[in-house]
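K.L.:
There are 4 protein chains.
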Amino acid sequence: MASELGIHRSQLRVRYAETDAMGVVHHAAYVPWLEVGRVNLLRATGAPYGDIEARGLLVVLSDLQVRYRSPARFDDLIEVQTTLTSLKSRQLAFRYRVVLLDTGTTCVEGMTSHIVVQRTTMKPVMFPADLHDLLVPWLVSEK
Amino acid sequence: MASELGIHRSQLRVRYAETDAMGVVHHAAYVPWLEVGRVNLLRATGAPYGDIEARGLLVVLSDLQVRYRSPARFDDLIEVQTTLTSLKSRQLAFRYRVVLLDTGTTCVEGMTSHIVVQRTTMKPVMFPADLHDLLVPWLVSEK
Amino acid sequence: MASELGIHRSQLRVRYAETDAMGVVHHAAYVPWLEVGRVNLLRATGAPYGDIEARGLLVVLSDLQVRYRSPARFDDLIEVQTTLTSLKSRQLAFRYRVVLLDTGTTCVEGMTSHIVVQRTTMKPVMFPADLHDLLVPWLVSEK
Amino acid sequence: MASELGIHRSQLRVRYAETDAMGVVHHAAYVPWLEVGRVNLLRATGAPYGDIEARGLLVVLSDLQVRYRSPARFDDLIEVQTTLTSLKSRQLAFRYRVVLLDTGTTCVEGMTSHIVVQRTTMKPVMFPADLHDLLVPWLVSEK
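Protein chains in written order, with my numbering: chain P, -18 to 124; chain Y, -18 to 124; chain E, -18 to 124; chain B, -18 to 124.
#1: Does the beta-carbon of Y/LEU15 have 16 or more other beta-carbons within 10 angstroms, so that it is buried, or is it exposed?
#2: May I ask which residues mark the beginning and end of the beta strand (DSSP E) holding P/TYR77?
#3: Note down, in chain order, every chain D residue with its Cβ under 9 angstroms from the Cβ of E/ASP56.
#4: Do you know how far the Cα of Y/ARG(-4) is from the Cα of Y/PHE55?
#5: Taking the alpha carbon of Y/VAL17 as the point to measure from, which residue in Y/VAL61, Y/ALA28 and Y/HIS8 has its own alpha carbon closest?
#6: Look up B/MET92 in the DSSP assignment and give the residues it is bridged to.
#7: Could one say the Cβ of Y/GLU60 lies closer than 7 angstroms to chain E's Cβ atoms, at least one of them?
#8: Kindly say whether P/GLY4, judged by its beta-carbon, lies nearer than 7 angstroms to any beta-carbon of chain E.
#9: Could you tell me which uninterrupted beta strand (DSSP E) segments, each at least 3 residues in length, are contained entirely in the region 16 to 61 of chain P, listed from first to last along the chain?
#10: For B/PRO105, which three-state DSSP category applies?
#11: Please name the residue or residues paired with B/ARG(-6) in a DSSP beta bridge.
#12: Could you please tell me which residues of the region 63 to 80 of chain E, in chain order, have their CB closer than 9 angstroms to any CB of chain Y?
#13: Here's a check: name, in chain order, each residue in its chain whose Cβ is nearer than 7 angstroms to the Cβ of B/THR66, leaving out the five neighbours to either side.
#14: On the DSSP letters alone, give me the boundaries of the alpha helix (DSSP H) that B/HIS113 sits inside.
#15: For the region -13 to 13 of chain P, list every residue whose C-beta sits within 7 angstroms of some C-beta in chain E, in sequence order.
#16: On a Cα-Cα basis, can you pick out the residue from B/ILE59, B/ALA25 and B/ARG50 that is closest to B/LEU(-7)?
#17: I want to see whether chain B comes within less than 7 angstroms of P/GLU90, judged by CB atoms only; does it?
#18: By the three-class DSSP mapping on this structure, what secondary structure does P/HIS(-11) have?
#19: Tell me, please, whether the CB atom of Y/VAL17 is closer than 7 angstroms to any CB atom in chain E?
#20: For P/LEU99 and chain Y, any beta-carbon pair shorter than 7 angstroms?
#21: Hey, E/VAL89 and E/TYR11: beta-carbon distance below 7 angstroms or not?
#22: When you check each C-beta in the region 41 to 56 of chain E against every C-beta of chain B, which residues fall closer than 8 angstroms?
#23: Decide yes or no for the touch test of the region 108 to 118 of chain E against the region 21 to 38 of chain E: beta carbon pairs closer than 8 angstroms, at least 3 of them.
#24: Less than 7 angstroms between the C-beta atoms of E/THR86 and E/HIS(-11), yes or no?
#25: Does the beta-carbon of B/PRO118 have 16 or more other beta-carbons within 10 angstroms, so that it is buried, or is it exposed?
#26: With 7 angstroms set as the bound, which would you pick, yes or no: does the beta-carbon of E/LEU39 sit closer than that to a beta-carbon of chain B?
#27: Indicate, with yes or no, if the ligand NAP has a heavy atom lying under 6 angstroms from the CB of B/THR26.
#28: Between Y/GLY57 and P/ALA9, what straight-line distance do the alpha-carbon atoms span, to the nearest angstrom?
#29: My assumption, with CB atoms under 8 angstroms, is that B/LEU42 sits in contact with B/HIS95. Please give the rounded CB distance.
#30: State the CB to CB distance for the pair Y/ALA2 and B/THR0, rounded to an integer number of angstroms; the pair is presumed to be in contact (CB under 8 angstroms).
#31: Could you pull the DSSP bridge partners for E/THR63 from this structure?
#32: Would you list the one or two residues that DSSP bridges to Y/THR87?
#33: Between the C-alpha atoms of E/THR93 and Y/THR93, what's the straight-line distance to the nearest angstrom?
#34: So, helix, strand or coil for B/VAL12, using DSSP?
Structure representation (structure tokens):
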């Protein structure tokens, strides 16, 4: 996983369990891959998601958009390219590109939005300032 | 499953395997539920998805949007309300509302777009006229 | 879901997401179906699993055995036949048969063992007497 | 992935999507990890599973046994240790140990048996001699 600030690169290999009877990866199986990209980006910032939960917070997903361009198949090597595109006091958003590592073909483009909530109440709360500061250098403004 | 033309209603119960460490249904687990709604709607029209594949066609997903409003939990009874919102010669689109059956609370709203392709070539093709005709009465135009 | 005491019958339909590139149900997808059968049996006894967790207990799986006999396919109607085969103070075991509803063909036979633990400590504890008593009439001794 | 002949070592990280409301990895989520171990072992032998399917064969799972010893949690680094324990003309078997990479704690022990079948007929067939020969050096006899 080589990543510069701004774009995080996670690599994974397609599991047989992620394919479906069309002979390609099932559309729902890409969604956990976006999560893998997001979790790895957070770890790279120094604010791993486990630490966020350890403070009694959850980062819940509020919006998901996925555009499917080209199928991935069993055993393909995949790169999930993840970018933090929005960082507010109570909200985060990420953008994703899932590509075949060998050819660079884009399989999927995605976007997720998230809200920071308190675990016990499920009410939105401020993202702790120290964690927020760790994410700032990774923010890539969308034109 | 009671459904009038236009909106199809599928019922299911949340599986423990669909929950995550937040104690609620994982966001990716809703995606197969939308598929359940869509597949049941197609069966209700008289054009079950298996028959479409038996003609050498696939209906592949090209776009997915999900808005998460309120969490579902283990053992909740769920209704997936599915509407066919677009029907063109090579494309289909559906809209979904996932609600808690007991309270009517909306958990998730979703939208999917699909392209009809030939299995062997993965190239877009016309949806067969007889199957298309079975779907027409279920089409609900979006305002 | 018609069930006599002793054997509980749960019905479900195979989801496309549960198939794999072999064109049949992926072997891992049967495991949540066993859970569906077990959870439905517990609900039928009057001791729904949610109530067990509400008392601060977890029923954790300790052993799983599955024998695969014949593949299930997309859209097949499935019956999960579940039997409680062992009931001790801290342990439970279930046996399963997964059949195609139309033909009665056995797809899978399974067995699971479980331990009752306290959620906070993950240590084995006694199954509460009132819940235990609700399960007793469902116990089917194995020869 | 450092592996000597005999035991193959695959590493992966627990995904949030693999956890459940007990706060640990759901028991069904380990089953695809065994598959990851098996697929990686086959690739290491020089007989990748994709090549086996490319010859019109499937290696279908006939038996699965999993013993759950200690829970894995979100973000844990996992090693799947896979051993080929039986290699006959039409059958294969593997044994697995899933451990926490940091502590060496065993989470799960597993066993799978497989049958080689022709894709078109689903009938058992001989494993091709050249592929069989590639696997022989990896076979570890069980005492």
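Even for Gly, the Cβ is constructed at its ideal location relative to N, Cα and C. Remember, it's a predicted structure, so these values are computed and weren't measured experimentally.
P.N.:
Let me spell this out:
#1: Locating residue 15 of chain Y in the second sequence gives position 34, where the first residue counts as 1. It counts as buried.
#2: Translated into positions along the first sequence, residue 77 of chain P becomes position 96. Start and end: 72 to 81.
#3: This model lacks chain D altogether, as its protein chains are P, Y, E and B.
#4: Indexing the second sequence from 1 puts residue 55 of chain Y at position 74. Indexing the second sequence from 1 puts residue -4 of chain Y at position 15. Cα to Cα, the separation comes out at about 6 angstroms.
#5: Translated into positions along the second sequence, residue 17 of chain Y becomes position 36. Closest by alpha carbon: Y/VAL61.
#6: The residue labelled residue 92 of chain B in the question sits at position 111 within the fourth sequence. Bridge partners of B/MET92: B/GLN46 and B/ARG76.
#7: In the second sequence, residue 60 of chain Y corresponds to position 79, counting from 1. No - not a single Cβ of chain E is within 7 angstroms of the one on Y/GLU60.
#8: Here residue 4 of chain P refers to the residue found at position 23 of the first sequence. With 7 angstroms as the cut-off, P/GLY4 counts as an interface residue toward chain E.
#9: 38 to 49
#10: The residue you call residue 105 of chain B lines up with position 124 of the fourth sequence. Of the three classes helix, strand and coil, the one that applies to B/PRO105 here is strand, per DSSP.
#11: The residue given as residue -6 of chain B occupies position 13 in the fourth sequence. According to DSSP, B/ARG(-6) bridges with B/LEU58.
#12: none
#13: Residue mapping note: residue 66 of chain B aligns to position 85 of the fourth sequence, counting from 1. Here the set comprises ALA74, PHE75, ARG76, VAL121 and GLU123.
#14: Numbered from 1 along the fourth sequence, position 132 holds the residue referred to as residue 113 of chain B. It spans 110 to 116 - the alpha helix (DSSP H) in which B/HIS113 sits, taken as one unbroken run.
#15: TYR(-3), ALA(-2), THR0, ASP1, ALA2, GLY4, HIS7 and ALA9
#16: Here residue -7 of chain B corresponds to residue number 12 of the fourth sequence, with the count starting at 1. Minimum Cα distance to B/LEU(-7) is reached at B/ILE59.
#17: Against the first sequence, residue 90 of chain P aligns to sequence position 109. Chain B contact via Cβ: absent.
#18: On the first sequence, position 8 is the one that residue -11 of chain P refers to. P/HIS(-11): strand per DSSP, three-state reduction.
#19: By one-based count along the second sequence, residue 17 of chain Y stands at place 36. With 7 angstroms as the cut-off, Y/VAL17 counts as an interface residue toward chain E.
#20: Here residue 99 of chain P is taken as the residue at index 118 of the first sequence, counted from 1. With the sequence shown as reference, residue 99 of chain P is identified as Gln, and Leu is not the correct amino acid for it. Answer no: the Cβ-Cβ gap between P/GLN99 and chain Y never drops below 7 angstroms.
#21: As a working mapping, residue 89 of chain E is identified with position 108 in the third sequence. As a working mapping, residue 11 of chain E is identified with position 30 in the third sequence. A contact, by the Cβ cut-off of 7 angstroms.
#22: VAL41, LEU42, SER43, ASP44, LEU45, GLN46, VAL47, ARG48, TYR49 and PRO52
#23: yes
#24: One-based indexing of the third sequence puts residue 86 of chain E at position 105. One-based indexing of the third sequence puts residue -11 of chain E at position 8. No, the pair does not count as a contact, with Cβ atoms beyond the cut-off.
#25: Mapped onto the fourth sequence, residue 118 of chain B falls at position 137. By the 10 Å Cβ count, B/PRO118 comes out exposed.
#26: Start at 1 with the first residue of the third sequence, and residue 39 of chain E comes out as number 58. Judged by the 7 angstroms Cβ criterion, E/LEU39 is in contact with chain B.
#27: No copy of the ligand NAP appears in this structure; indeed no ligand is present at all.
#28: Along the second sequence, read from residue 1 onward, the residue named residue 57 of chain Y stands at position 76. Along the first sequence, read from residue 1 onward, the residue named residue 9 of chain P stands at position 28. According to the sequence as given, residue 57 of chain Y is Asp; it is not Gly. Between Y/ASP57 and P/ALA9, the C-alpha separation is close to 21 angstroms.
#29: Stepping through the fourth sequence from its first residue, residue 42 of chain B is reached at position 61. Stepping through the fourth sequence from its first residue, residue 95 of chain B is reached at position 114. Right, their Cβ atoms sit about 6 angstroms apart.
#30: Working through the second sequence from its first residue, we reach residue 2 of chain Y at position 21. Working through the fourth sequence from its first residue, we reach residue 0 of chain B at position 19. Confirmed, about 4 angstroms.
#31: Here residue 63 of chain E corresponds to residue number 82 of the third sequence, with the count starting at 1. Beta-bridge pairing links E/THR63 to E/HIS(-11) and E/TYR77.
#32: In the second sequence, residue 87 of chain Y corresponds to position 106, counting from 1. BP columns for Y/THR87 point to Y/VAL80.
#33: If you number the third sequence from 1, residue 93 of chain E lands on position 112. If you number the second sequence from 1, residue 93 of chain Y lands on position 112. So the two alpha carbons sit approximately 38 angstroms from each other.
#34: Along the fourth sequence, read from residue 1 onward, the residue named residue 12 of chain B stands at position 31. Here B/VAL12 sits in helix by DSSP.
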